[in-house]
Structure formats: structure tokens, C-alpha cells
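The listed protein sequences derive, respectively, from chains G and X. When we follow the numbering used here, the leftmost residue of the first sequence carries the number 5, and every step to the right adds one. When we follow the numbering used here, the leftmost residue of the second sequence carries the number 5, and every step to the right adds one. Every residue, glycine too, gets a C-beta built ideally from N, C-alpha and C. Okay, so here's the structure we're looking at.
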Amino acid sequence: VSGVLAICEARRGEVRDVSLEIIAAGLELSENGAGELNVAVVDADPESHAATLGFRGVSALVGVRAPDPQPDARTMEVALDVLVDELAPAAILVPYSADGQGYAPAVAASRGFGFCANALEVGWETDSVTAKRGLYGDRVIASVRLTGTPSLVMLRPRGTRPSAQQASVPYRQLEIPDPPAMAAEHLGWVEPEAEGVDITKADFLLSVGRGVEDEDGVEELLAVAEQVGATLSSSRPLVDAGWVESGRQVGQSGRTVKPKVYLALGISGAIQHLAGIREAGTVIAVNTDPGAPIFMQADYGAVADLFEVAKALPKHLG
Amino acid sequence: MRLLVCVKQVGSLDEDFELRPGAAQVDPDSVEWSLNEWDAFAIEAAVRMAEADRGEVVAASVGGEEAAQALLDALARGADRAIRVDEPELQRLHDPLATARALALVAERESVDVTLCGVQSSDSPHGATGVALAGYLGVAHVAVVRAIQAEGASLVLERELEGGLAERLRVPLPAVLTVQTGINQPRYASFRAVKKAKEKPLETLSLQDLGLDQEDVPRGAELLELSTPPSGGGAEMIDGDAEEIAARIAEVVRRRLGTEVAS
């Protein structure tokens, strides 16, 4: 038992960016003594991803051919079973993504792996896998040592890329039997709402969160946004409550935005929200709670009532 | 239909919380307890499914006295009865495999058709307990569900992916689902419902009652230490009254946009 297995993610025929982060982390573990790195992808046509997933330092790319174009969680589990039996890795890396969350914990449970999800960092120390993870909205960091062989770590996406150059690596393919028992049947995709404003194109976003308290608050800030030439966006709870349409939601499950200025009013800064503003230029946050995590990510902050600040804005930005 | 909904009483920290040196523990005095946000949606989803076909909803939680409060909450919001696995130590571990193993034993004991969990807990977000539970049970499962429709012996679901995309899919029963916020509008518990909740059955079980020895509780990881993230970085704070803050924000916005912003 040795080496690292990085499980990539493909959706609708395309490799997802989180795959590259997993490879980057795998290369680092490998350099720190964890052994060779194998990169795996499960797809109907796995070999088509060989060029995208090959990096210097990767021992081999292992494709697992899925019987259906969209591998469901059960198929991913069977594929992981086959990969672990074939490669006997010491460490397995999986993206902490919607798909990853759907299958990896089940395999860790049923096969008794060491396990840590939503990890901020993964390490290799004296023959075991270590990780850091956030508690209480990342205000506390837990350092853990995984207890089990192999150990599976799900890494939180943060936008890193391998520093190694792309390279051609040996490819091999594994097959899995027909759709496994208890598999989900894919019925179709529900595309994101295409109508309305495109917040990904805006230079100046005025983004509102739970601090607005009610639907009237949203209306009031929409008016302010118009007066100052900003586009209104929001955090998830307002979309959940039905006060803001889903196309305006910023975050992991909503849109990733890159405005020049992101003005966050009454947004505490949940991890999933912050994932959506990683590429924003200047972040300004106004919140009544001085301990709000958004202040750690913001360039400018003010502890104040968001409505009082918003009301005063048009005069200065008219 | 028999439904199990797994809930958790989560902690949130004071502004000036403290870590207990050496104990790898947050000072309990700086923790405030409440029902996990995701779980309110899971409870509502379970109660609606039960209402649609005269099913029964059992709520379960793993933990000490705090966990009983989460269960009372679930009972007030429509669950029929509740089971607390009285293992405060297990809750303190923040280990999803350990929690999932205990909950899987409850699901087996109750022979449920559908188990619902929140996608994650806010104090220790692993996003893993529900799917690990399914792994122990060996049943179908779907994570991050935003719509549920029962159709005979199967469920038609929408699971949320990244960037606003979702997938429609059908899974056979029995199944475990992790429920996303926004799937429904959780009902408020009326004063009367809260009073009535105290009369509903709330059973307390140990791991031993469920047939699991302490040494057989699975662990994904052992905790080495707790620390606070390195300070530094963070925002440049703007002082003053609302007027002064707005003026300073406007100045930054103008500079970054490189133009006067049209009104």
C-alpha cells in the first residue's frame, strides 16, 4: 500500500477545474514522500481527458469507463472500489464538490477508510495522512491525523493549479460492470436560470445578505443599487426565502463573479459564498457583527447598520 | 412511508471565544446552541412526505442534553417521535463516520424507507454524515437535494450542482437524502406545538442499546489540536458614522472603477 490516487471530475464531457486542484495537491503529497501519483477519471470516454489531466510528476492516468454518460454516485463508488483494489493507494484525494459529496463518504464508511472532508490542507507525515479543517465558520482550525488505510481526503476548492508543466503521461483503462444496483437514473439537467441580469458581467456589484431582514429591505437596496450604478446580487438565504431570483445568487451553488468592486451589505461570509467572490477585485463589507468572517476576506470593512450606510451612498456616488 | 430525519444541535461561538489549552476543546461557555439551519429544511421535507401518505416521522440525534433540544424542535415542527443516542463524546468528536454509524443503527432499528439529513452542519461542516450513513446501510442516496417527489417505490429528485445547474434523477427506495436549504419554507412551531412536543415520545438510547461497543465506533480521523487561524490579512476598517463610511466607500468605488459612476 503506497502512493496517492487523485480522483478527477468530469461533467457532460468536460473536466471540471476542481480536478486540477486535486492533481496539484496530489503532486505535493507525492513530493513529500507519499509515493507515486495516479490520476483517475470516471467517464463514458475517459481517454478524451488524457491531454487535460497529464502533468509532469504524474505516474499514470487511469481511466474508468462508465456504462452511462453521466456516472451517478453508485457508479462512482464501484469505480473507486475497483481503483483502490487495483492500485492500493495510501492516500485518496477527492474534490469537496457536489459530486464528491455524493459518493466519497459512502465508500469511506463501507470500506472503513480514514476520512476527512472539506479539508483546507492535506499533508503527509511519518507514513500517515494529515489534514486541516475548519470548524465554526473557519474561526477554529482542527488539525487531524487520518486513521485508516487508505485515507480519503476531500479538499475544499480554492482555485489552485499544479505548478508542474503539462505533459503526456502513460494511460491505462479499467472497466466496470453494467450500472450497479441501487444506481440513480439520470432524467435530465435543469439549466441555470438564463433570464434576467447577468451578474457575472457587472463591474460593480452591490450584494445583499441576511442583514436586510425582509423583502422590503431588498426593494430598498435594489433602488440604492440603481441610483449608484451597481448591479444587485445576493447571498443564498435571500434566494432560499424567495426574495431574490436565483440568477442573482453569488457563491458556489450560484454564480462566480469577478466585478472590480464587490460591496457586501449584511453578508456574514459563509464559506460557500466566499468561494463565489475569490476572483472579485476590491471587496468592501458592511456588517453589524464585528466577528463576521467576511471581514477576513474583505479589503475594506465597516461595522455599521447597512441601511444607514446604503441611504447615504447615492449622495456620494450619484 | 416511514421516515427518519437526523438533526443536530449546533454550536456557534461568541465573538471572543476561547480554546481550552491542551484539551482540544472550545470553552463550552463561549458556545451558543441552536438547531442546525439545514436540518429545519430536512424536518419540513420529512413532515410533508409523511403528510402526503399518512407516514410516520422519527427524528434522531446523537449527543448530550443539547441534542434533546434539537429533537424537541423537530417534534414541535411535526415529527411524531424522537430518539436521542446519548453519546456526548461522539458529538464532541466531530467525526462524521462515528455519527453516521450510530444513526445507521437507528435507521435499521426503525426500518425506515427514507432517511433525510441536512447537507451539512454549520459548526463542523463535513457534508458527509448523510452519505456515510447510506454507505453503512448499503442503500441508494443522493446528496444536496433541492426537490423531492415520491413516485410509487421510487423518488424523483433534483440535486443541486455548482453554478446554478441541477440534475433530475430517480432513485429506488429505501434511500438516504441530504437536503439543501431553500427546498421548502420550514413552518414555524406555534406555542401550542411547542407545548405538545413535550408530550410526544422521546427515547434515549446508548450505543450499547443499539448493539455497538464503544471500541467498534468507526473513526475517520483523530484530532491532534485546535488552533485559531493566523490573524493578519483582513479588512482595513473604516471608522466614523454612516455618512463618513458612505463617503469613504464612494471614494474607493470611484477609484477602482476608474470613472465617475453614472447615476
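For the beta strand (DSSP E) that contains X:S38, what are its first and last residues? 35-39
May I ask you to verify whether the segment 107-119 of chain G touches the segment 68-81 of chain G, counting CB pairs closer than 8 Å and requiring at least 3? yes
Would you verify that the beta carbon of G:N122 is, or is not, closer than 8 Å to some beta carbon of chain X? yes
Could you check the C-alpha separation between X:M5 and G:V98 for me, to the nearest Å? 35 Å
Tell me whether the beta-carbon of X:P178 lies closer than 8 Å to the beta-carbon of X:D117. Judged by beta-carbon spacing, X:D117 lies within the 8 Å limit of X:P178, meaning their Cβ atoms are closer than that value.
Hey, X:R191 and X:R81: beta-carbon distance below 8 Å or not? yes
Taking all protein chains shown into account, decide if X:A266 is buried (16 or more other Cβ within 10 angstroms of its Cβ) or exposed. Confidence at X:A266 is low in this model, with a pLDDT of 46, below 50, so the placement of that residue should be treated as unreliable; the coordinate-derived value is given next. Burial call: exposed.
G:P196 CB to nearest chain X CB: under 8 Å? yes
Can you give me the start and stop residues for the beta strand (DSSP E) that G:G305 sits inside? For G:G305, the enclosing beta strand (DSSP E) starts and ends at 304-307.
Counting along the chain, where does the alpha helix (DSSP H) carrying G:M300 start and finish? 298-301
With 16 other CB atoms within 10 Å as the buried threshold, where does G:T134 fall? buried
Can you name the residues that DSSP bridges to G:S155? G:A95, G:G118
Quick one: grab the DSSP three-state call for G:L57. Helix.
X:R113 - containing alpha helix (DSSP H), residue span: 100-113
At a CB distance below 8 Å, what residues from the segment 210-236 of chain X approach chain G? Give them in sequence order. From the segment 210-236 of chain X, only P222, R223, G224, A225, E226, L227, L228, E229, L230, S231, T232, P233 have a Cβ closer than 8 Å to chain G.
By the 8 Å beta-carbon criterion, what residues does the segment 55-80 of chain X contribute toward chain G? none
Under a three-way DSSP split, which group does X:I152 fall into? strand
CB-CB length for G:Y304 against X:V183, believed under 8 Å: Not a contact, Cβ separation roughly 36 Å.
Cβ shell of X:S125 (< 6 Å), same chain only, five flanking positions each side left out: K12, V14, N40
State the Cα-Cα distance for the pair X:E207 and G:T130, rounded to the nearest angstrom. 45 Å
Quick one: is X:V62 buried, meaning 16 or more other Cβ sit within 10 Å of its Cβ, or exposed? With a 10 Å radius around the Cβ and a threshold of 16 neighbouring Cβ atoms, X:V62 comes out buried.
Collapsed DSSP secondary structure at X:G15 in the structure displayed: Here X:G15 sits in strand by DSSP.
Decide if G:N36 is buried, meaning its Cβ has at least 16 other Cβ atoms within 10 Å, or exposed. exposed
Reducing DSSP to helix, strand and coil, say where G:S132 ends up. strand
Pairing CB atoms from the segment 96-111 of chain X with CB atoms from the segment 215-233 of chain X, are three or more of them under 8 Å? yes
If you count every other CB in all the chains shown that lies within 10 Å of the CB of G:P166, and 16 or more means buried, which is it? buried
Helix or strand or just coil, what does DSSP make of G:T235? strand
What are the residues of the segment 109-136 of chain X that lie near chain G, defined by any Cβ-Cβ distance shorter than 9 Å? Per Cβ criterion, the list reads V123, Q124, S126, D127, S128, P129, H130, G131, A132, T133, G134, V135, A136.
Where X:I249 meets chain G, residues with beta-carbon distance less than 8 Å: V290, A306, A308, V313, A316
Where does the unbroken alpha helix (DSSP H) through G:H277 begin, and where does it stop? 275-278
Beta-carbon gap between X:R250 and G:A316 smaller than 8 Å: A small fix is needed here, since residue 250 of chain X is Ala in this sequence, not Arg. Going by C-beta atoms, X:A250 is nearer than 8 Å to G:A316.
Since X:T1 is in the alpha helix (DSSP H), which residue starts that stretch and which ends it? Residue numbering for chain X in the displayed model covers 5 to 267; residue 1 of chain X lies beyond these limits and cannot be assessed.
Within chain G, the residues that X:E270 reaches when beta carbons sit closer than 7 Å: Shown here, chain X extends from 5 to 267; a query on residue 270 of chain X therefore has no answer.
Residues in its own chain within less than 8 Å of X:S231 by CB, not counting five upstream and five downstream? L23
Assigned secondary structure, X:N188 (DSSP; H/G/I helix, E/B strand, else coil): X:N188: coil per DSSP, three-state reduction.
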